[in-house]
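For reference, the structure is listed below as structure tokens.
4 protein chains.
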Amino acid sequence: MSNAELAEQNPVTKPRAGRPRSVESRRAIIQSAMHILQNDGYAALNIEAIAARAGVSKQTIYRWWSSAAFIVLEALLSDMPSQEGLVPDTGSLKGDLLELVRPTVRALSQRRGPVYKALIAEAQADPRFSEAFRTQLMAAHREIVRAVIARAQLRGETPFEVDADLAADLVYGPILYRLLNGHAELDETFAFDLIDAVVSALRYREAGTKRAAEAAE
Amino acid sequence: MSNAELAEQNPVTKPRAGRPRSVESRRAIIQSAMHILQNDGYAALNIEAIAARAGVSKQTIYRWWSSAAFIVLEALLSDMPSQEGLVPDTGSLKGDLLELVRPTVRALSQRRGPVYKALIAEAQADPRFSEAFRTQLMAAHREIVRAVIARAQLRGETPFEVDADLAADLVYGPILYRLLNGHAELDETFAFDLIDAVVSALRYREAGTKRAAEAAE
Amino acid sequence: MSNAELAEQNPVTKPRAGRPRSVESRRAIIQSAMHILQNDGYAALNIEAIAARAGVSKQTIYRWWSSAAFIVLEALLSDMPSQEGLVPDTGSLKGDLLELVRPTVRALSQRRGPVYKALIAEAQADPRFSEAFRTQLMAAHREIVRAVIARAQLRGETPFEVDADLAADLVYGPILYRLLNGHAELDETFAFDLIDAVVSALRYREAGTKRAAEAAE
Amino acid sequence: MSNAELAEQNPVTKPRAGRPRSVESRRAIIQSAMHILQNDGYAALNIEAIAARAGVSKQTIYRWWSSAAFIVLEALLSDMPSQEGLVPDTGSLKGDLLELVRPTVRALSQRRGPVYKALIAEAQADPRFSEAFRTQLMAAHREIVRAVIARAQLRGETPFEVDADLAADLVYGPILYRLLNGHAELDETFAFDLIDAVVSALRYREAGTKRAAEAAE
DNA sequence: TAATAATCGAGACGGTACGTCACGTCTTGGA
DNA sequence: TCCAAGACGTGACGTACCGTCTCGATTATTA
Numbered sequence: 194m195s196n197a198e199l200a201e202q203n204p205v206t207k208p209r210a211g212r213p214r215s216v217e218s219r220r221a222i223i224q225s226a227m228h229i230l231q232n233d234g235y236a237a238l239n240i241e242a243i244a245a246r247a248g249v250s251k252q253t254i255y256r257w258w259s260s261a262a263f264i265v266l267e268a269l270l271s272d273m274p275s276q277e278g279l280v281p282d283t284g285s286l287k288g289d290l291l292e293l294v295r296p297t298v299r300a301l302s303q304r305r306g307p308v309y310k311a312l313i314a315e316a317q318a319d320p321r322f323s324e325a326f327r328t329q330l331m332a333a334h335r336e337i338v339r340a341v342i343a344r345a346q347l348r349g350e351t352p353f354e355v356d357a358d359l360a361a362d363l364v365y366g367p368i369l370y371r372l373l374n375g376h377a378e379l380d381e382t383f384a385f386d387l388i389d390a391v392v393s394a395l396r397y398r399e400a401g402t403k404r405a406a407e408a409a410e
Numbered sequence: 194m195s196n197a198e199l200a201e202q203n204p205v206t207k208p209r210a211g212r213p214r215s216v217e218s219r220r221a222i223i224q225s226a227m228h229i230l231q232n233d234g235y236a237a238l239n240i241e242a243i244a245a246r247a248g249v250s251k252q253t254i255y256r257w258w259s260s261a262a263f264i265v266l267e268a269l270l271s272d273m274p275s276q277e278g279l280v281p282d283t284g285s286l287k288g289d290l291l292e293l294v295r296p297t298v299r300a301l302s303q304r305r306g307p308v309y310k311a312l313i314a315e316a317q318a319d320p321r322f323s324e325a326f327r328t329q330l331m332a333a334h335r336e337i338v339r340a341v342i343a344r345a346q347l348r349g350e351t352p353f354e355v356d357a358d359l360a361a362d363l364v365y366g367p368i369l370y371r372l373l374n375g376h377a378e379l380d381e382t383f384a385f386d387l388i389d390a391v392v393s394a395l396r397y398r399e400a401g402t403k404r405a406a407e408a409a410e
Numbered sequence: 194m195s196n197a198e199l200a201e202q203n204p205v206t207k208p209r210a211g212r213p214r215s216v217e218s219r220r221a222i223i224q225s226a227m228h229i230l231q232n233d234g235y236a237a238l239n240i241e242a243i244a245a246r247a248g249v250s251k252q253t254i255y256r257w258w259s260s261a262a263f264i265v266l267e268a269l270l271s272d273m274p275s276q277e278g279l280v281p282d283t284g285s286l287k288g289d290l291l292e293l294v295r296p297t298v299r300a301l302s303q304r305r306g307p308v309y310k311a312l313i314a315e316a317q318a319d320p321r322f323s324e325a326f327r328t329q330l331m332a333a334h335r336e337i338v339r340a341v342i343a344r345a346q347l348r349g350e351t352p353f354e355v356d357a358d359l360a361a362d363l364v365y366g367p368i369l370y371r372l373l374n375g376h377a378e379l380d381e382t383f384a385f386d387l388i389d390a391v392v393s394a395l396r397y398r399e400a401g402t403k404r405a406a407e408a409a410e
Numbered sequence: 194m195s196n197a198e199l200a201e202q203n204p205v206t207k208p209r210a211g212r213p214r215s216v217e218s219r220r221a222i223i224q225s226a227m228h229i230l231q232n233d234g235y236a237a238l239n240i241e242a243i244a245a246r247a248g249v250s251k252q253t254i255y256r257w258w259s260s261a262a263f264i265v266l267e268a269l270l271s272d273m274p275s276q277e278g279l280v281p282d283t284g285s286l287k288g289d290l291l292e293l294v295r296p297t298v299r300a301l302s303q304r305r306g307p308v309y310k311a312l313i314a315e316a317q318a319d320p321r322f323s324e325a326f327r328t329q330l331m332a333a334h335r336e337i338v339r340a341v342i343a344r345a346q347l348r349g350e351t352p353f354e355v356d357a358d359l360a361a362d363l364v365y366g367p368i369l370y371r372l373l374n375g376h377a378e379l380d381e382t383f384a385f386d387l388i389d390a391v392v393s394a395l396r397y398r399e400a401g402t403k404r405a406a407e408a409a410e
């Protein structure tokens, strides 16, 4: 939400002079971008096509976004608040992680898949977008894992200090890998097996901290 | 390896009619592509630039490759044979995996990083390249993990049947995730911690098979 | 005169939306095309060269013209108005025709020669251009002959009905033939002899109408 | 017949060493060129297409001809001998000219039209071909007119010295003009009217020589 | 009630790269 | 010596999008 930040900086909206931004255009642009991405694919997603389909001039798009990827990112962030709430407490680490990963995997194997693939691809070529994608979208996902881990430690489920960053890598890395590489399905079984492995790694790792400690010397 | 297939069809090379393919051009194209990718970045990697730097016509490139990504893939595969040999047997699963992951992580944090990022990005937009990348490059990496796991099972290091596919996901997924998302460094410590976690998951997972069995019912 | 038509549709120029066409670009393109044609020849006249010399993008050329020949045609038509006025009345058919043909022959033996050769060559390969060339340029030339003939008939110089179309063929045909085939010079003597022959044919033909009448039966 | 000249220089054919020229290839190339020209048009006539259709390598074409136009010219010259004989003596200038022009006009309005249009167009861009076309094909046509005129003067049909070059221009110029410009049909009526006009010009021109004489002063 | 200011659509502009076509040359093995 | 096959460097094609730039029109706040 590129200029929403500015708006949020001044909660008392200071109305600037001139014609205000058209909300219809903004909505049409975002919908147009998502429609093209999901129907014609990432390769067909360009500013001219978005503008044509939205009935909007290219200038209007460039005024508010610096690339098509930012439009898609904004579309994703607009959907987030609904699921923003943390994962419900199921009483166990494995249960919490399953509650988190199963919907994620399901969404990625359906509509969300192409969207994330496109954004990650774009991030490799555009450092500015990479930073936005990481801090605005990925960081939120990782934060949920962090909270779930913290909850597990409070419960005493993990016998030692757990690196929440590594935990997030262990959860999302394999998912991303399958999504991007396509060597296997993103299905329920995968979600179960993955969480099994992650929980095992977090609970039974005894040599880990030692090894890390040695490395730090 | 576009024309290697032909060569492999007839082990006794049957010389076809017409002027033979220029090996100098092939070499120049591959070197040109790698030079541009590593010096000017993925965004600067286009067919015209590769052709110009290689002193070659665009047509010659299009005759043998369908996109710049395939050239880079071929360059990578040309380098592979040197390290093609399996991981040396260190006597333990953890040692083997470290022997595998440490050089991988080191290479990706240096020259190989941008190359893999570019190829993975390209694969998201081009299904034909995605398939080639997966079967010719990624599959080879995964196969090494599979061999290491098999060795560990022969040693009796793992108390139960281990899913080698999931193991490969657990090893390469987090690496890829850090590479593409850039939220943390790809360093030695990460390699140690990752392998610790993976080994723990593979050795101490008792609930896993149960869970998978339940899902199969 | 590609967009002049639009202008003529609305004598009160109705300003359409969007950035208006650049008159500087149009002028630069036409001048560039004529310069290349007259200095480097027809073979060197291509869109890329015209665009480069005019400091203009290829797209801008393709937006308004469908080939280089149309640009040259427009250049010729832009020059026409100056000599658009009819041939001055010298008092005799022969005098009028000489007044018309001598400058034509002189121009074609100098700068205009290569230009017309190029356009006629192009017209043989492109029916769309052939039609434009015929109706916008050649028709104007033929119309002048028609007017001169009509004046001669008012004077009573021709004893019978004269076919103005045939007359134009007799005047321009041999000129074109010499220009394209290059078997003889396009000089003053040729102009005199040609007009002598044409006038003789128009004044002394007695058998013609008879023959034509017989053919009509 | 590009290298036929060499052969004719040594009536005693000196057999050169090596494999002799393939007559099948020569025939196939010429037929292929004419087929493409008459079926797909001048724009489609290129060496690669001719070679492909003839089942011949490009090199073989380039060895014997310098452009597609020369192939077509050779095809035309191969057909000439059949009509090479002079126009039969009908007893009058007008009859002879009609005997000459009517078949010419008929052929040009049918199959021969596109062929001549193509060659004339090509001649405007290639001086080497222009010269060959003029001396090998056009000169033959003009020579026939010259012979007819000479016959008429022997009969005493023309009261004064006639410029046979101008006569040929008057005959072929308008025909060419209509062929290339396409402003009117090349039909029987046109042939009659044209010959009427030409004969009138040749028989009744009294001022012509005077005027030419004045110009010479 | 203007005047000012920012936005909007439309669409032309200079660019860059695309992927294709045909050119004329070359390098094979075979006739 | 010629032939077919076919790869090669060269150059132009016409197209697609890029991001920028006028235009007239619209819609707000400010004077």
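If you're matching them up, the sequences are chains A, B, C and D in order.
Okay, so the first sequence: first residue is 194 according to this note's numbering, each after it adds one.
Okay, so the second sequence: first residue is 194 according to this note's numbering, each after it adds one.
Okay, so the third sequence: first residue is 194 according to this note's numbering, each after it adds one.
Okay, so the fourth sequence: first residue is 194 according to this note's numbering, each after it adds one.
Where a beta carbon is used, it is the ideal one built from N, C-alpha and C, also for glycine.
When CB distances to chain A are screened at a threshold of 7 Å, not a single residue of the segment 212-232 of chain B falls below it.
Sorting A:A343, A:V355, A:V391 by C-alpha distance to the C-alpha of G366 (chain B) places A:V391 at the top. Under a criterion of Cβ atoms nearer than 8 Å, no residue of chain D is adjacent to H334 (chain C); the nearest Cβ is some 10 Å distant.
No Cβ-Cβ contact shorter than 8 Å links L359 (chain B) with I368 (chain B). Selection C:V308, C:A237, C:L290, C:R209 evaluated against R339 (chain C) yields C:L290 as nearest (Cα-Cα). L266 (chain B) sits in a helix when the DSSP states are folded into three classes.
Boundaries for L379 (chain A): no alpha helix (DSSP H) harbours it, and the DSSP string shows neither H nor E there.
The segment 301-388 of chain C is shown to contain whole alpha helix (DSSP H) runs of 4 or more residues at 305-318, 320-325, 332-348, 357-374, in chain order.
Under the Cβ criterion of 8 Å, P296 (chain B) is not counted among the residues facing chain A. Taking 8 Å as the cut-off between beta carbons, the residues of the segment 361-375 of chain B near chain A are D362, L363, Y365, G366, P367, I368, L369, Y370, R371, L373, N374, G375, in sequence order. For N232 (chain B), the enclosing alpha helix (DSSP H) stretches over residues 216-233. In this structure, M331 (chain B) keeps its C-beta atom at 8 Å or more from the C-beta atom of A268 (chain B). In the same chain as Q231 (chain D), and ignoring 5 residues on each side of it, the C-beta atoms closer than 8 Å to its own belong to R304, P307, V308, in chain order. Shown here, L238 (chain C) sits in coil according to DSSP, grouped into three states, outside any helix or strand.
For R344 (chain D), the closest alpha carbon among the candidates D:R246, D:M273, D:G284 is that of D:G284. Of the candidates B:P320, B:S215, B:L286, B:E336, the residue whose Cα lies closest to the Cα of R348 (chain B) is B:L286.
Nearest neighbour of D356 (chain A) by Cα position, chosen from B:D389, B:Y397, B:V364, turns out to be B:D389. Between I229 (chain D) and I264 (chain D), the beta carbon gap of about 10 Å keeps them out of contact (Cβ cut-off 8 Å). Contact between A384 (chain D) and Q317 (chain C) fails: their C-beta atoms lie close to 22 Å from each other, not under 8 Å.
Within the segment 340-351 of chain D, no residue has a Cβ lying closer than 7 Å to any Cβ of chain C. For S259 (chain D), the closest C-alpha among the options D:L293, D:A325, D:R299, D:T297 is that of D:A325. D282 (chain B) sits in coil when the DSSP states are folded into three classes, being neither helix nor strand. Around the beta-carbon of Y255 (chain B), fewer than 16 other beta-carbon atoms lie within 10 Å, marking it exposed.
At a cut-off of 8 Å, the C-beta of D289 (chain B) has no neighbouring C-beta in chain A. Taking all protein chains shown into account, R209 (chain B) has fewer than 16 neighbouring C-beta atoms within 10 Å of its C-beta and is therefore exposed. In this structure, DSSP gives G248 (chain A) a state outside helix and strand, which the three-state scheme calls coil. Cβ neighbours of N239 (chain D) within its own chain (closer than 6 Å, five residues either side excluded): none. Taking 8 Å as the threshold, the shortest C-beta distance from K310 (chain C) to chain D falls below it. The beta carbon of R335 (chain C) lies closer than 6 Å to those of A361 in the same chain, with the five residues before and after it left out. The beta carbon of E292 (chain C) sits closer than 8 Å to those of V280, P281, T283, all from its chain and outside the five residues before and after it, given in chain order. Here the C-alpha atom of Q252 (chain D) lies approximately 29 Å from the C-alpha atom of E241 (chain C). With a 10 Å radius around the Cβ and a threshold of 16 neighbouring Cβ atoms, A262 (chain D) comes out buried.
Here Y397 (chain C) is near Y397 (chain D), since their CB atoms are less than 8 Å apart. Less than 8 Å separates the beta-carbon of I243 (chain B) from that of S225 (chain B).
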